[in-house]
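Q:
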Amino acid sequence: MIISIASGKGGTGKTTIATNLAVSLKSDVQLLDCDVEEPNSHLFIQPVIDKVKTITIPVPEVDMKKCSLCGKCGEICQFKAIVVVGETVLPFHELCHSCGGCMEVCPEKAITETGRELGVIEKGHRNGLEFVHGRLRVGEAMSPPLIKKVREYTRPNILTIIDAPPGTSCPVIASMTGADFVLLVTEPTPFGLHDLKLAVGAVKILGIPCGLVINRSDIGNDQVKIYAEQENIPVLMEIPFDRSIAEAYSRGKMIVEVIPEWEEKFVKLYHQIKEIVSSNNQGQLP
Amino acid sequence: MKEIVIISGKGGTGKTSIIAAFASLAENKVLCDADVDAADLHLITKPEIKEQHDFESGHTAIINQDKCSECGLCRDLCKWNAISEDFVVNPIECEGCGVCCYFCPEKAIDFPLNTCGEWYLSETRFGPMAHARLRIAEENSGKLVALIRQEGRKLAEKRHINLLLTDGPPGIGCPVIASLGGATAVLIVAEPTVSGRHDMERVVELAAFFKIPAMLCVNKFDLNPDMTQAIESFAKEKNISVMGRVPFDPAFTRAMVQGKTIIEFDGGSEGCKAVKNIWKNLAQSLEI
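Right, here's the structure in full:
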């Protein structure tokens, strides 16, 4: 089962939920931090990293000895990543989406692949927990291809928890697609609600069941709860604002490390999700 | 023309609350919400939309089933596995590269331009505002960010306004990169947590990579004064001026609930005093 933890608004507590859930479950669980622009889960999990892999995507390299300057590569490229200028061909690697069109279309077979570094993937563990995250290279614009690479580490038959990036555009979609459940973490404020609605819209487009965690549940107002009720989205957990939790978080401590009683609540959260997913799957059987 | 872009790396550190407060404090400015993915500034500024435009960018392949001979070439060429076995394109997976469309022997694939959002020019009680809304699950947010900043700039020129205050997106990827180019300076809003520090360091590196001068303030500094100190020391080492500290103040949330800036909501609050001080320092160092 894959549970993706998303939010719309940033800073609502995705990483808090993902890490606490992962360590509370003890076995048969892996945590994939797909917030590759700003990965934070490792700061709390503090995994022992045993594998580091540099990830590149293919971008074109032109052999000018073979090139006839026909211009077809520039014509097929939708991203202005390769252009013929005078007597030469200029590839702009940072704009390239790696569609392979220029290589395919070149009649002289003058274009070959070289790599652009997207970032690194680090894999490790803490006790029984398997941990994988991506770190986007600073200066690299495209995070979805790296997110997809992180997701290739998904192992079947165990629980995969995904810590997703904020927002509702392509990096978030890349972190939610194919999940069995999306757990949306929000805070009961106007900004939280506004962005939650966008996130729910994204989850609906993907057709994935979802539930809500309301973090800092005693600040702001009750509009998030009213919305959840209207939309029939179950509220699976509420975490009141607690300065001791916030201060512990600031030092890299998880809730279950400071208040061990929360472990039971995270286990219960998992069982609730499992129940929703299995009843949802049954509903889809012929 | 000067433009200050507020970024943070980590989400939820208080970018929008702080820029909203600046909106109350700065005299002549255009506001620009470049967090097009999850725009929130309008919840405080309540813009009256004067102009609305579609944002068109990128293409999506659509296979015309009547012309398709099911040869399978498109499926072989598609690097995104966006085409199903029965030759239907999944618009969410389609990258818009057009390779399938180019090579289809039956010319059975259409490649229409996408409308991925709207952008607006508005009036607010703080002055003019440029903002946008990217449709859910859409791509090209970087292009929309670039567009909205350009429109904000045009609006400022037309009104003879010399200051653009831009609310940036979280992260360090495409939309953030698009929010940096040509900015006078970025103000990084950090929070004193291990995550806040980690993400601040990456965004500092990003600003340096694109050679944009950076300044810093720490929000909710009293949650962890040691971490605040560490963040400020790091900034100083990187030649980043520290503009000030904002305490953890529940008045920010209460102001947000009422759709007000902290300055409007409670002029006597600690949060208000702190933001005023930061604005004073910022205006001084950028000669606004």
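Which chain is which? The protein sequence lines are B and U, in order. When we follow our numbering, the leftmost residue of the first sequence carries the number 1, and every step to the right adds one. When we follow our numbering, the leftmost residue of the second sequence carries the number 1001, and every step to the right adds one. Glycine included, each C-beta is placed from N, C-alpha and C at the ideal position.
1. Would you decide whether GLY167/B is buried or exposed? Buried here means 16 or more other CB atoms lie within 10 Å of its CB.
2. Does any residue of chain B have a CB that is nearer than 9 Å to the CB of VAL1194/U?
3. Of all the alpha helix (DSSP H) runs that stay within the bounds of the segment 24-105 of chain B, which reach a length of 4 or more residues?
4. Would you report the Cα separation of SER278/B and ALA179/B, rounded to the nearest angstrom?
5. Does chain B have any CB closer than 9 Å to the CB of PHE1103/U?
6. State the beta-bridge partners of VAL120/B as determined by DSSP.
7. With a 10 Å radius around its C-beta and 16 neighbouring C-beta atoms as the bar for buried, classify LYS1046/U as buried or exposed.
8. In whole angstroms, what is the alpha-carbon distance linking GLY1173/U and ALA110/B?
9. Let me know if ILE158/B comes out buried or exposed under the rule of 16 or more other beta-carbons within 10 Å of its beta-carbon.
10. Using a beta-carbon distance cut-off of less than 8 Å, what residues from the segment 118-149 of chain B approach chain U?
11. Is there at least one Cβ from chain B nearer than 9 Å to ALA1137/U's Cβ?
12. State buried or exposed for SER1008/U, treating a residue as buried only when at least 16 other CB atoms are found within 10 Å of its CB.
13. At a CB-CB cut-off below 7 Å, which residues of chain U make contact with PHE191/B?
14. Nearest chain U C-beta to ASN319/B closer than 9 Å, yes or no?
15. Is the CB of PRO1170/U under 9 Å away from at least one CB in chain B?
16. CB-CB under 7 Å to ALA1274/U, same chain, minus the five flanking residues each way: which ones, in chain order?
17. By the criterion of Cβ-Cβ separation under 8 Å, what are the contact partners of VAL1099/U in chain B?
18. For a test of the three-state rule: what should DSSP assign to SER4/B, helix, strand or coil?
19. Please classify LYS1029/U: does DSSP put it in a helix, a strand, or coil?
20. Run down chain B in chain order and give the residues with a C-beta less than 9 Å from the C-beta of SER1141/U.
21. Where does PRO286/B fall in DSSP's three states?
22. Distance, Cα to Cα, HIS1091/U vs ASN1114/U?
23. In chain order, what residues of the segment 32-54 of chain B put their CB closer than 7 Å to some CB of chain U?
24. Give the list of continuous alpha helix (DSSP H) stretches no shorter than 4 residues that lie fully inside the segment 1207-1269 of chain U.
25. Determine the DSSP secondary structure at TRP1119/U, reduced to helix, strand or coil.
26. What residues in the segment 1163-1188 of chain U have a beta carbon less than 9 Å from any beta carbon of chain B?
27. DSSP state of ILE1177/U, grouped into three classes?
28. Using 9 Å as the threshold, is the C-beta distance between ILE82/B and PHE92/B below it?
29. Could you pull the DSSP bridge partners for LYS9/B from this structure?
30. Under 7 Å Cβ to Cβ from GLU231/B, same chain only, skipping five residues before and after it: list those, please.
31. Give me the Cβ distance between ALA1021/U and ILE1263/U, rounded to the nearest whole Å; I'm assuming they're in contact under 8 Å.
32. Can you pull out the residues from the segment 1191-1218 of chain U whose beta carbon lies closer than 7 Å to at least one beta carbon of chain B?
33. When burial is assigned at 16 or more other CB atoms within 10 Å of the CB, is PRO286/B buried or exposed?
34. Which residue comes first and which comes last in the alpha helix (DSSP H) that contains PRO290/B?
35. Identify whether THR189/B lies in helix, strand or coil by the three-state DSSP scheme.
36. Which residue comes first and which comes last in the alpha helix (DSSP H) that contains ARG243/B?
A: The short version:
1. buried
2. yes
3. 41-45, 72-76 and 101-105
4. 13 Å
5. yes
6. THR54/B and ARG135/B
7. exposed
8. 32 Å
9. exposed
10. LEU136, VAL138, GLY139, GLU140, ALA141, MET142 and SER143
11. yes
12. buried
13. THR1016, ASP1040, LEU1043 and MET1256
14. The structure shown does not extend to residue 319/B, since chain B is modelled only from 1 through 286, so no value can be given for it.
15. yes
16. GLY1244, ARG1245, VAL1246 and PRO1247
17. ILE76, CYS99, GLY100, GLY101 and GLU104
18. strand
19. coil
20. GLY167, SER169 and CYS170
21. Since pLDDT at PRO286/B reaches only 44, below the 50 mark, its modelled position is unreliable, and the value read off the structure follows with that caveat. Of the three classes helix, strand and coil, the one that applies to PRO286/B here is coil, per DSSP.
22. Here the sequence assigns Pro to residue 1091/U, which means His is not the residue at that position. In a straight line, the C-alpha of PRO1091/U is about 10 Å away from that of ASN1114/U.
23. GLU37, GLU38, ASN40 and LEU43
24. 1225-1237, 1251-1257 and 1262-1265
25. strand
26. PRO1169, PRO1170, GLY1171, ILE1172, GLY1173, CYS1174, PRO1175, VAL1176, ILE1177 and ALA1178
27. helix
28. yes
29. Per DSSP, none; premise fails for LYS9/B.
30. VAL200
31. 5 Å
32. PRO1192, THR1193, VAL1194, SER1195, HIS1198, ASP1199, ARG1202, GLU1205, LEU1206 and PHE1209
33. In this prediction, PRO286/B has a pLDDT of 44, which is less than 50 and means its spatial position is unreliable; what the coordinates show is noted afterwards. PRO286/B comes out exposed.
34. This structure leaves residue 290/B out entirely; chain B is present only between 1 and 286.
35. coil
36. 243-250
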